[in-house]
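Heads up, the thing below is written out as structure tokens.
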Amino acid sequence: MSDSPRYSLDDLLAIMARLRDPQRGCPWDVQQDFASIAAYTIEEAYEVADAIDRRDWPDLRDELGDLLLQVVFHSQMAQEQGLFDFADVAHAISAKMQRRHPHVFGDVRYADLDEQKRAWEDIKTRERADKGESADDSALAGISAGLPEWKRALKLQQRAASTGFEWTDPQPVLAKLVEEVDEVRAEFANGADPARLQDEIGDVLFVTVNLARHAGIDFSQALRHANAKFERRFRQMEQLAAAEGAVFGERTLAEQEQLWQRAKAIEREP
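So this is what it looks like as structure tokens:
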């Protein structure tokens with residue numbers, strides 16, 4: 001067994017406080033604020049998801065640590081401004097989880113999962129009212145504008161579906177996707193107005209999220225898989241070109257397409 005020290009959460013909080021110390025801390029950490037750190041917080045969350053996709057459990061441990069550091073970082077900055085501290089964050093989420101799970105921490109009983117989901121939304125509505133937020137009776141109320149846009153599209157679709165505004169199978173969604181792609185083609189044919197193209201391509205993306213939802217596919221995971229596949233095949237093309245003594249970027253588009261097909265064939269080999 002290793003003799004190295006076993007650090008605790010208290011140690012991590014102390015380390016973050018030292019990093020932020022104006023006299024003895026790290027100049028980079030000291031100059032950060034909520035806005036400058038926000039992008040790192042989002043990035044770390046995606047790296048957690050990537051480690052899970054790769055089933056790399058040691059890396060997942062490390063990435064969860066990086067994500068935890070983001071929570072500690074924000075909490076330390078808030079403490080410095082007298083807003084709240086890490087203990088307040090832990091208290092708030094603990095209270096929320098108990099409040100939103102009365103069937104676990106209380107005597108409430110739900111007939112099925114659908115009833116539980118409806119109760120969850122009712123609880124969130126009451127929470128927003130308790131915060132003094134303006135009443136919003138829409139089924140779409142409370143969906144954060146800060147979500148990645150694909151995730152917000154998914155939540156909008158899920159909420160709309162809860163009211164019955166929903167196709168019953170993927171076929172109409174596929175037909176709608178073809179319709180939206182045709183509208184993009186028409187915009188290119190009519191001169192490719194940037195504003196209209198943005199609108200029509202946005203419709204294509206929105207319907208694509210809906211199609212993934214109907215298929216039971218996680219949109220983000222599917223896109224990560226597609227990104228990984230493209231990167232794998234592109235690197236293979238570069239290697240094939242290099243093996244022939246050529247630079248990939250100096251090949252014609254037709255030659256590059258041939259390399260792409262070869263890369264795909266190599267990937268299919270047993």
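Using the UniProt record's numbering, the letters of the sequence shown map in sequence onto residues 1 to 270.
Each residue gets a CB set at the ideal place from its N, CA and C atoms; glycine is no exception.
- Secondary structure of Leu-147 (DSSP, three-state): coil.
- The beta-carbon distance between His-91 and Ile-37, rounded to whole angstroms, is 22 angstroms. This is too long to meet the 8 angstroms contact definition.
- Of all C-beta pairs linking the segment 240-250 to the segment 219-232, fewer than three are shorter than 8 angstroms, placing the two stretches out of contact.
- Runs of the alpha helix (DSSP H) lying entirely within the UniProt domain "NTP pyrophosphohydrolase MazG-like" (171-234) and spanning at least 4 residues, in chain order: 194-215.
- Rounded to the nearest whole angstrom, the C-alpha separation of Arg-262 and Gln-256 is 10 angstroms.
- DSSP, read as helix, strand or coil, puts His-101 in coil.
- Take Glu-63, set aside five residues on each side of it, and the residues of its chain with a beta-carbon closer than 8 angstroms to its own are Glu-44, Glu-47, Val-48, Asp-50, Ala-51, in chain order.
- With a 10 Å radius around the Cβ and a threshold of 16 neighbouring Cβ atoms, Met-237 comes out buried.
- In terms of CA proximity to Ala-175, Leu-211 leads the group Glu-187, Thr-252, Leu-211, Gln-23.
- The alpha helix (DSSP H) runs of length 4 or more contained entirely in the segment 109-158 are, from start to end of the chain, 113-130.
- Here the alpha carbons of Trp-167 and Val-178 stand approximately 16 angstroms from one another.
- The straight-line gap separating the alpha-carbon atoms of Leu-140 and Phe-34 is approximately 28 angstroms.
- Ala-135 and Gln-157 have their C-alpha atoms spaced approximately 21 angstroms apart.
- Pairing Val-184 with Leu-205 gives a Cβ-Cβ distance that is not under 8 angstroms.
- In the three-state reduction of the DSSP assignment, Gln-261 falls in the helix class, which pools H, G and I.
- Fewer than three beta-carbon pairs drawn from the segment 143-158 and the segment 110-128 are found closer than 8 angstroms, and the two stretches are therefore not classed as touching.
- Per DSSP, the continuous alpha helix (DSSP H) segment holding Trp-28 begins and ends at 27-31.
- With a threshold of 16 other beta carbon atoms within 10 Å, Val-207 meets it and is buried.
- Rounded to the nearest whole angstrom, the C-alpha separation of Leu-259 and Phe-188 is 29 angstroms.
- Separation of Ala-254 and Asp-53 (C-alpha to C-alpha, rounded to the nearest whole angstrom) is 34 angstroms.
- Around Ile-201, the same chain offers Val-184 as residues with beta carbons nearer than 7 angstroms, after the five sequence neighbours per side are excluded.
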